[in-house]
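Asks:
Protein chains: 2
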Amino acid sequence: MRHREPTSKTRNAKLMSAELQTGINSNLIAATPREALAEPGWLRSVPPATLDMLAKHAVLHRMPAGSTLFEQAETPSFALLLVAGRVELLGVRSTEETLVEIVEAPDLLLPAAVLSGQPYLLRARVLDEVRIVMIQAEAFRDAVTSDHALCLAVLACQATQFRRQTMHAKNLHLRSAEERVGCYLLKLLEGRTTNTSVRLPIEKRLIASQLGMTRETFSRTLPVMIRHGLRVEGDVVHADDISAARLRFHLDPLVDGNEPIIPLQVKGK
Amino acid sequence: MRHREPTSKTRNAKLMSAELQTGINSNLIAATPREALAEPGWLRSVPPATLDMLAKHAVLHRMPAGSTLFEQAETPSFALLLVAGRVELLGVRSTEETLVEIVEAPDLLLPAAVLSGQPYLLRARVLDEVRIVMIQAEAFRDAVTSDHALCLAVLACQATQFRRQTMHAKNLHLRSAEERVGCYLLKLLEGRTTNTSVRLPIEKRLIASQLGMTRETFSRTLPVMIRHGLRVEGDVVHADDISAARLRFHLDPLVDGNEPIIPLQVKGK
DNA sequence: TTTAGGCATTGATACAAATCAATGCCGAGG
DNA sequence: CCTCGGCATTGATTTGTATCAATGCCTAAA
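In order, the protein sequence lines correspond to chains C and W.
Numbering of the first sequence is given in my numbering, commencing with residue -18 and proceeding in unit increments.
Numbering of the second sequence is given in my numbering, commencing with residue -18 and proceeding in unit increments.
1) Assuming C/Val111 is part of the beta strand (DSSP E), what are its boundary residues?
2) Suppose the cutoff is 6 Å on Cβ atoms and the five residues either side in sequence are ignored; what does the same chain contact list for C/Thr198 look like?
3) Bridge partners of C/Gly72, per DSSP?
4) Does C/Pro244 come out as helix, strand or coil in the three-state DSSP assignment?
5) With which residues is W/Glu214 paired in a DSSP beta bridge?
6) Going by DSSP in three states, C/His209 sits in which element: helix, strand or coil?
7) For C/Ile116, which residues from the same chain have a beta carbon less than 7 Å from its beta carbon, with the 5 sequence-adjacent residues on both sides left out?
8) Three or more beta-carbon pairs under 8 Å between the segment 67 to 74 of chain C and the segment 120 to 137 of chain W, yes or no?
9) My understanding is that W/Ala19 touches W/Leu32, with C-beta atoms under 8 Å, so please give their C-beta distance in whole angstroms.
10) Rounded to whole angstroms, what is the Cα-Cα separation between C/Leu103 and C/Ala54?
11) If the cut is a Cβ gap below 8 Å, which residues of chain W does C/Gly249 touch?
12) Between the C-alpha atoms of C/Val179 and C/Leu167, what's the straight-line distance to the nearest angstrom?
13) 9 Å is my cut-off, CB to CB: does W/Leu232 come that close to chain C?
14) Could you confirm whether any beta carbon from chain W is found closer than 9 Å to the beta carbon of C/Thr3?
15) Taking DSSP as the reference, what is the three-state secondary structure of W/Asp233?
16) Return the CA-CA distance between C/Ala144 and C/Ile10, expressed in angstroms with no decimal places.
17) Which value, in whole angstroms, describes the spacing of the CA atoms of C/Ala30 and W/Leu155?
18) Since W/His42 is in the beta strand (DSSP E), which residue starts that stretch and which ends it?
19) Helix, strand or coil: which one does DSSP assign to C/Thr285?
20) Quick check on the burial criterion: 16 or more other C-beta atoms within 10 angstroms. Buried or exposed for W/Val205?
21) Check the DSSP bridge columns for C/Ala65 and list the partner residues they point to.
22) Does DSSP put W/Arg173 in a helix, a strand or coil?
23) My guess is that W/Pro244 and W/Ala134 are in contact by the Cβ rule of under 8 Å, so how many angstroms apart are they, rounded?
24) Taking C-beta pairs closer than 8 Å, name the residues in chain W that C/Gly72 reaches, listed in chain order.
25) Looking at C-alpha atoms only, which residue of C/Ala65, C/Asp128, C/Val64, C/Glu78 is the closest neighbour of C/Met194?
26) Please name the residues in the segment 53 to 70 of chain W whose beta-carbon is closer than 9 Å to at least one beta-carbon of chain C, in chain order.
27) Which word fits W/Ser75, buried or exposed, when buried means at least 16 other C-beta atoms lie within 10 angstroms of its C-beta?
28) Pull up the distance between the alpha-carbon of C/Ala118 and that of W/Val213, whole angstroms please.
29) When you compare the CB of C/Val179 with every CB in chain W, is at least one pair closer than 9 Å?
30) Count the other C-beta atoms from every protein chain shown that fall within 10 angstroms of the C-beta of C/Ile113, then say buried if there are 16 or more, exposed otherwise.
31) When the Cα atoms are used, what is the spatial distance from W/Pro241 to W/Thr141?
32) Output the distance between the C-alpha atoms of W/Met148 and W/Asp237, rounded to the nearest integer angstrom.
33) Looking at the unbroken beta strand (DSSP E) that takes in W/Val179, where does it start and where does it end?
34) Output yes or no for whether 9 Å exceeds the beta carbon distance between W/Arg173 and W/Ile223.
35) What's the C-alpha gap between W/Cys138 and W/Ser97?
36) If you compare alpha carbons, which of W/Gln146, W/Ala225, W/Leu91 is closest to W/Asn239?
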């Protein structure tokens, strides 16, 4: 494997620039909870007063990769708003873990649990380094019940997460391991033409778990892709023959679609 | 198989009485959309004026088992409120189907799609005979954006569905086929003692798909349960030795829990 | 009454993916 | 510099579950 580079550094760098784009006032990285609350696009239509109120009961935190944000069965004391970075949500059974979802900033972590005051069903572990706003659960619920715009924003967020989870389930149950890998690679290459190459965005072991298979199976499946025009060397994907790949694997917007969070707007009666 | 009875009739009877209990004004079955909208408990705190408004753009329908309510990839033109009965939501790929969720009244069918105006990710097929209120999608979205209480109710509904989906995923990925069957039976017997028996609430082929396995596997797994104190004859479950069963299979509230829809209440600023 | 079709059961077999195991590689830390 | 630990690869083997196939049962229609 020749093409390897200090992956974590490269990725953090990439992440930082992505992070900036998501913000509205993108010239500076938020240093206070209040600033961080201004970043996610889907909170745009929430009145500043409400954000102020939330910020008053919130702290901004930075957590390194690997940290556990909360444990399965814990009752949420904070609403966690992911401002930058990625988090994996895992179902746990003693030592077994199964990845249920990957959450990318900007998004809320399991708002369902916070809203209903029920225990988390999943463990949350940091993938990249993250920045999160921790809002006291009670304050968060109060804000949702007193501000209609925020309620709509959270609803949109929850709805999108629901659809993502559905897509994930369909991907796992309706496609073979080989197809999942093929589609994953194809999606990375979306819009590209033959002879370009892309870097895998995360470690292979994480891709494997995202695709619901073991590292080993993933590893074994990669060489197979060569006969469909996709070659993976180290963490670089080479598109030798993209049309061949598209012939074999079919991206489906109802499975592979990227759906952004788009809140509805409050309307007077 | 001796114990069989005209299953569909028995079950419909059971369903009718259950249906009555869910209503608030349970003495009569709703005949108009407006009456039907008064039934679900989680719509209780929505102002009558809003329900009136919804009812104005709605019709009440009855559909027999087996009907398809909507197809995958369709763009929703109605919000479907399930007032009575059960619906299965299936991921479809050409001829392959995979059950993603079973929705029981009273609940909304995939509010996420309706709210975001995106195509359905799943097919909806009627299990038992259902009664549904079909509310024009536009009117539904308008109501959600203009009435905070309704917005909260829908949010609660969406949140609960999210958690159910998470539980379902955990059940499938963290337990073996045998455990899923064991836990399913154990849950039917919750609160019962040894030597009681229960009837399976739905056909075996449906239980199998709910548990993410084929009929055949389910069928083969049932006899195995005998060594753990559970005996299934026809559609009757006999609890020969419940404590033995509980020793082998462990119900987990984070997987097997029944979570009701409990909306938050609007609060003034 | 006969017949046809759906569901359930049972057996034989196939197969995809997990598991177990060994090795190589690379980067971090002593 | 060497060494240790995580990740990736590759091979051998197992195993859980699906698939294919045949039969029986019950119900509903002819």
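Yeah, the Cβ is synthetic: ideal placement off N, Cα and C, and Gly gets one too.
The structure presented is a predicted model; accordingly, all values stated were derived computationally and were not measured.
Replies: On the basis of the coordinates in this document:
1) 111 to 117
2) Ala158
3) C/Thr79
4) coil
5) W/Val217
6) helix
7) Leu35, His38, Ala39, Phe59, Ala60, Leu62
8) no
9) 7 Å
10) 7 Å
11) Ser127
12) 11 Å
13) no
14) Reliability of the predicted coordinates at C/Thr3 is poor, the pLDDT of 42 falling under 50, and no value is obtained from them.
15) coil
16) As written in the sequence, residue 144 of chain C is Arg, which differs from the Ala given in the question. If you take the alpha carbons of C/Arg144 and C/Ile10, they lie about 30 Å apart.
17) 44 Å
18) 39 to 44
19) Absent from the structure is residue 285 of chain C, since the part of chain C shown begins at -18 and ends at 250.
20) exposed
21) C/Arg112
22) coil
23) 4 Å
24) Thr147, Ala150, Lys151, His154, Leu155
25) C/Glu78
26) Gln53, Ala54, Leu70
27) exposed
28) 45 Å
29) no
30) buried
31) 7 Å
32) 7 Å
33) 178 to 180
34) yes
35) 15 Å
36) W/Gln146
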